Each structure stands twice: as structure tokens, then as C-alpha cells.
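Asks:
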Amino acid sequence: DYFLILASYFLSMFTDPGSPPPTYHRPPLDTSSPADRALLSSLPFIHLLRERSNHVHTISASSDCLRDLRYCKHCISYKPDRSHHCRQCSRCVLKMDHHCAFIANCVGFYNHKFFVLFLIVSWIGCVSAVLAGVQPFQHALKHTVAVPQQHQAQQQQQLPQAHQPTAGAPSTAVAMSASSLEAPMVIAGFVMCSSLALALSVFVPFHVYLVSKGRTTIEMFEFTDPRRVSFAEQYDLGCGRNWRQVFGESWWTWPFPIRASVPGDGLAFPVASELRMRSQYERLTATQTDAQPRSATTGGVDRVTLDSLDDII
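Plus 83 on top of the position in the sequence shown (first one is 1) and you've got this note's numbering.
(1) Between the alpha carbons of arginine 310 and proline 353, how many angstroms are there, rounded?
(2) With contact counted as at least three CB pairs below 8 Å, one residue from each stretch, are the segment 172-188 and the segment 280-289 in contact?
(3) Taking the straight line between their C-alpha atoms, what separation do you get for glycine 323 and valine 285?
(4) Could you say if the segment 86-105 and the segment 185-199 meet the contact criterion of at least three C-beta pairs nearer than 8 Å?
(5) Which value, in whole angstroms, describes the spacing of the CA atoms of proline 288 and glutamate 265?
(6) Nearest to phenylalanine 304 by CA position, among Asp180, Arg153, Asn188 and Ser160, is which residue?
(7) Checking 7 Å against the spacing of the C-beta atoms, do asparagine 325 and glycine 347 come in under that value?
(8) Got a sec, what are the start and stop residues for the alpha helix (DSSP H) cysteine 322 sits in?
(9) So, under 8 Å CB-CB, cysteine 158 and histidine 168 are touching, yes? Tell me the CB distance rounded to an integer number of Å.
(10) If you draw a straight line from the alpha carbon of threonine 106 to that of phenylalanine 192, how long is it in whole angstroms?
(11) Could you have a look at serine 205 and say whether DSSP puts it in helix, strand or coil?
(12) Less than 7 Å separating the beta-carbons of cysteine 276 and alanine 212?
(13) Cutting at 7 Å between CB atoms, please list the residues of its own chain near cysteine 155, excluding the five before and the five after it.
(14) With distance defined between alpha-carbon atoms, name the residue in Leu224, Thr300, Ile301 and Ala187 nearest to alanine 271.
(15) Quick one: what does DSSP say valine 190 is sitting in, helix, strand or coil?
(16) Got a sec, what are the start and stop residues for the beta strand (DSSP E) valine 312 sits in?
(17) Rounded to a whole number of angstroms, what is the C-alpha to C-alpha distance between phenylalanine 306 and alanine 315?
(18) On a CA-only basis, which of Leu202, Leu214 and Ala343 is nearest leucine 87? Give me that one, please.
(19) Alpha carbon to alpha carbon, how far is valine 210 from phenylalanine 220? Give it in angstroms, no decimals.
(20) Tell whether a beta-carbon distance below 7 Å holds between aspartate 308 and alanine 355.
(21) The beta strand (DSSP E) with cysteine 169 in it runs from where to where?
(22) Would you give the residue range spanned by the beta strand (DSSP E) that cysteine 172 belongs to?
(23) Answer with buried or exposed for proline 103, where buried requires no fewer than 16 other C-beta atoms within 10 angstroms of its C-beta.
(24) By the three-class DSSP mapping on this structure, what secondary structure does histidine 222 have?
(25) Applying the criterion that 16 or more other CB atoms from any shown protein chain within 10 Å of the CB defines a buried residue, is glycine 349 buried or exposed?
(26) Taking a contact to mean a Cβ-Cβ separation below 7 Å, would you say isoleucine 186 touches methionine 96 in this structure?
(27) Is tyrosine 161 helix, strand or coil by DSSP?
(28) Rounded to whole angstroms, what's the CA-CA distance from phenylalanine 339 to threonine 300? Just pull it up for me.
(29) Just the C-alpha distance for glutamine 328 and arginine 342, rounded to the nearest angstrom, thanks.
(30) Within the same chain, show all residues whose beta-carbon is closer than 6 Å to that of histidine 226, passing over the 5 residues directly before and after it, in chain order.
(31) Where does glycine 101 land, buried or exposed, given buried means 16+ other C-beta within 10 angstroms?
(32) Rounding to the nearest angstrom, what Cα-Cα distance links glycine 331 and serine 295 in this structure?
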């Protein structure tokens with residue numbers, strides 16, 4: 084457990100959380116549409132609009148896609164969704180969760196798993212240390228109360244014989260000194276582990292909840308703005324998929340501080356509407372295929388299915 088704590092801590096500290104590459108949304112060399120050329124003079128990253136639109140050739144200057152552009156005035160460049168500028172790091176961070184002073188690093192796309200794993204294993208370690216240290220803590224408390232009384236009684240007994248030291252007798256002062264140092268260390272360690280366990284009992288459930296909901300700490304504050312609620316909710320793919328987005332597709336690697344099979348590159352993320360539409364389309368297609376013969380005009384999909392899909396969209 085202590086190896087996992089140290090490994091997760093140092094990996095979360097020294098792993099780069101990720102930043103948008105310098106070539107992210109580089110402007111195209113030429114354009115074929117007059118509307119694109121007009122936009123290019125005022126908006127260099129015109130192909131970002133193409134990526135945001137379902138109709139590549141029908142984009143105009145009045146397109147609603149312009150409101151979806153996210154621009155960082157500090158980095159003087161466009162940034163992908165879920166990326167934010169960190170003032171402490173002086174750069175944009177991919178899927179930024181927050182800047183953690185304890186690890187002196189941002190928690191982002193590439194070290195999110197290490198940070199959450201560090202919180203979980205640290206909480207388990209602190210709770211285990213507290214449970215194992217209850218009896219030593221009680222013994223240390225009794226010892227700190229009993230030792231001064233015993234020491235005073237021994238001093239009174241040895242006072243008349245102070246001028247006659249016994250050769251070869253064990254030094255009670257050394258024994259008392261050793262035991263008096265051990266008790267404060269046990270008490271201090273127990274209080275420290277208890278305090279950390281209590282603090283982590285708040286942070287661990289909070290971050291477990293965020294991972295289960297597919298959100299970051301910054302996106303949690305999106306719910307204070309009614310206009311941003313739909314944006315924050317769109318990345319909730321379900322509890323299982325959300326954990327795989329952070330810890331990887333292979334569940335057996337989750338307890339270990341390795342970042343294996345984590346999908347994506349931090350520039351784009353799947354949204355719930357796409358998965359829901361795909362699953363509903365596949366279900367409707369399978370239902371219509373089993374219930375009715377294939378339609379030659381729609382390539383095997385009945386017109387009722389397409390109408391239902393339009394309603395979904």
C-alpha cells in the first residue's frame with residue numbers, strides 16, 4: 084500500500100497533464116468557399132468551424148458555430164473543449180480538473196488517474212494506520228500520565244542513596260528517556276493519520292462522485308450557471324464508461340499506477356447524445372429488420388425507423 088501511495092503521488096506530480104499541441108487547429112493554406120475566405124480574414128482557424136458543423140459546405144459568417152469557439156486570451160490560441168488556462172502553470176491544460184498545490188501540478192488528462200488513485204490508496208492507508216494504532220495510542224496516553232509519577236517516586240527513593248551509586252546497575256534515566264520519546268511519537272503519528280483520514284474522507288467521495296458522473300472539478304461549477312448545465316452533462320456516459328474514460332478500458336489495471344488503455348488524446352471526448360443516438364438507431368434498425376422485410380429504397384431500414392431517428396435527433 085505504501086508503494087502505491089508513493090508511486091501514485093510522484094506520478095501525479097511529475098506527469099505532464101497535457102496541453103494543446105502548437106499545431107492544434109492550424110489555419111488551412113487555402114479555402115474554396117467565398118464565405119470561408121471572408122471569415123479567414125477575421126478568424127484564422129476556419130476549419131474549426133468545419134469540425135463543429137455537420138454541413139461542411141454551408142457555413143457562413145452568421146453560423147451558430149461561432150459561439151462554440153473557445154479562445155484563450157493568455158495563450159493567444161484556440162483550445163479544445165474541457166481545456167482551461169492555469170495561471171500557476173501559465174498554460175492551457177487538457178481536461179483540467181484543478182491545480183493542486185500539494186502535488187505542485189495541475190490535474191489534467193494524463194495524470195487524472197494517478198491523482199484519484201493517490202487519494203484512494205492514501206485514504207485506505209491512513210484508515211488502516213488509525214485502526215492499527217488505536218491500542219498503541221491508548222498505551223502511549225497512559226504511559227505519558229504514569230511516567231511522571233513513577234519518575235518522581237524513583238527520584239524520592241534514590242535521593243538518600245545518590246552518593247552511593249551501585250556498580251553495574253541499569254540506568255533508569257536512559258530507560259525513562261527512551262520510553263518518554265516513544266510515546267509522543269506514537270501520539271503525533273496517530274493524530275496525523277487521523278487528521279489525514281478525516282480530510283480524505285471528504286475528498287475521496289467527492290472525486291469518486293466526479294469520476295462516476297464524468298465531470299471535473301471545474302465542470303462541477305458549471306451547474307451554477309443554467310446556460311452551462313447541458314454542456315457539463317453531455318460527458319456523462321454512465322458510471323462504467325465514465326470510469327473507463329479515466330482509468331482505462333482494462334479493469335485489471337485500475338489498482339496499479341500505470342496509464343494503460345486510456346481512450347482518447349485529450350482533444351476530443353465522446354458525448355452522451357452520440358452514444359444514445361447510436362444505440363437507439365441500432366436498436367430501432369434491429370427491431371425493424373426483424374419485424375418487416377428490408378426496404379430496397381432505404382437500404383434495409385424502414386421509413387418508420389428513419390422517422391423515429393429524426394424524432395430522436
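For each residue, glycine too, the CB sits at the ideal point set by N, CA and C.
All figures in this text were calculated on a predicted structure; none of them were measured in a lab.
Replies: Let's see:
(1) 20 Å
(2) no
(3) 22 Å
(4) yes
(5) 35 Å
(6) Asp180
(7) no
(8) 322-330
(9) 7 Å
(10) 18 Å
(11) helix
(12) yes
(13) Lys162, His168 and Cys175
(14) Leu224
(15) strand
(16) That residue, valine 312, is in no beta strand (DSSP E); its alpha helix (DSSP H) goes 312-316.
(17) 7 Å
(18) Leu202
(19) 14 Å
(20) no
(21) 167-169
(22) Taken as a continuous stretch (DSSP letters only), cysteine 172 belongs to no beta strand (DSSP E), as it is neither H nor E.
(23) buried
(24) helix
(25) buried
(26) yes
(27) strand
(28) 23 Å
(29) 11 Å
(30) Ala266
(31) buried
(32) 14 Å
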